[in-house]
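Q:
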Amino acid sequence: MTRASYFLLSLGLLASIPAITTGIGEAKKAIDKQGLYEKDGKTIKQKFKGVIAHAISNDIVVFTMAYVWYCRRAAAKESLSGKMGMEGVSSATTAAGAYAPETWMVAVEALMGALQLFAANIGGALTYNYGFGMAIGGGGKKAA
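Structure, rendered in structure tokens:
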């Protein structure tokens with residue numbers, strides 16, 4: 001189970017790459033089209049404050065989880081099975097010991113899960129209230 005959690009963490013980090021790149025493109029397109037500031041030229045528009053909070057929250061989660069992944073990978077390599085090149089051996093002690101997260105990692109993962117839910121709530125509000133992320137397929141002809 002600990003090995004599966006390691007690989008699921010790896011998969012989640014890989015899946016975050018296209019999510020981040022499309023989010024940056026979506027935000028840039030909206031800012032270029034609508035402008036970042038209100039009419040007074042000083043106040044950032046409310047929706048873009050949400051975009052910034054959503055991006056920062058998700059970036060914190062991704063970078064923190066990448067650090068946790070790195071620490072878990074380093075611990076697996078430093079284990080006896082990692083040093084002997086026996087990572088593929090499926091004995092209970094080598095698999096559990098090599099990929100088992102430490103207590104601090106579990107606590108950090110729980111905190112990042114809560115922060116991810118917060119960021120998802122902001123993202124949902126951006127989609128529902130302002131239509132962010134709804135430009136899929138907008139390049140074709142409009143129906144008359």
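According to the working numbering, the sequence shown holds residues 1 to 144 in order. The beta carbon of each residue, even a glycine, is placed where N, CA and C say it ideally should be.
Between which two residues does the alpha helix (DSSP H) containing Pro18 stretch?
A: From DSSP, the alpha helix (DSSP H) with Pro18 extends over Thr2 to Gln34.
Q: What's the C-alpha gap between Phe7 and Ile44?
A: Their Cα atoms are separated by approximately 40 Å.
Q: Could you name the residues of the same chain whose beta carbon sits closer than 8 Å to that of Tyr37, not counting the 5 residues immediately before and after it, in chain order?
A: Cβ within range, chain order: Thr43, Ile44 and Lys45.
Q: By the three-class DSSP mapping on this structure, what secondary structure does Ala92 have?
A: Here Ala92 scores only 47 on pLDDT, less than 50, and its place in the model should not be relied on; the value that follows carries that caveat. If DSSP states are grouped into helix, strand and coil, Ala92 belongs with the helices.
Q: Rounded to the nearest angstrom, what separates Gly25 and Ala125 at their Cα positions?
A: One C-alpha to the other measures close to 18 Å.
Q: Leaving out five residues on either side along the sequence, give the residues of the same chain with a beta carbon under 6 Å from the beta carbon of Ala27.
A: Closer than 6 Å at the Cβ level, and outside the excluded window around Ala27, lie Val51.
Q: In chain order, what residues of the same chain have a beta carbon less than 8 Å from the beta carbon of Ala92, not counting five sequence neighbours either side?
A: Residue confidence for Ala92 is low, a pLDDT of 47 falling below 50, so the modelled location carries little weight; the figure read from the coordinates is stated next. Closer than 8 Å at the Cβ level, and outside the excluded window around Ala92, lies no residue.
Q: Taking contact to mean at least 3 C-beta pairs separated by less than 8 Å, is the segment 114–123 in contact with the segment 50–68?
A: Taking 8 Å as the limit for Cβ pairs, the verdict is that the segment 50–68 does touch the segment 114–123.
Q: Shortest alpha-carbon distance to Met134 belongs to which of Lys29, Leu9, Tyr70 and Ala74?
A: The shortest Cα separation from Met134 among Lys29, Leu9, Tyr70 and Ala74 belongs to Lys29.
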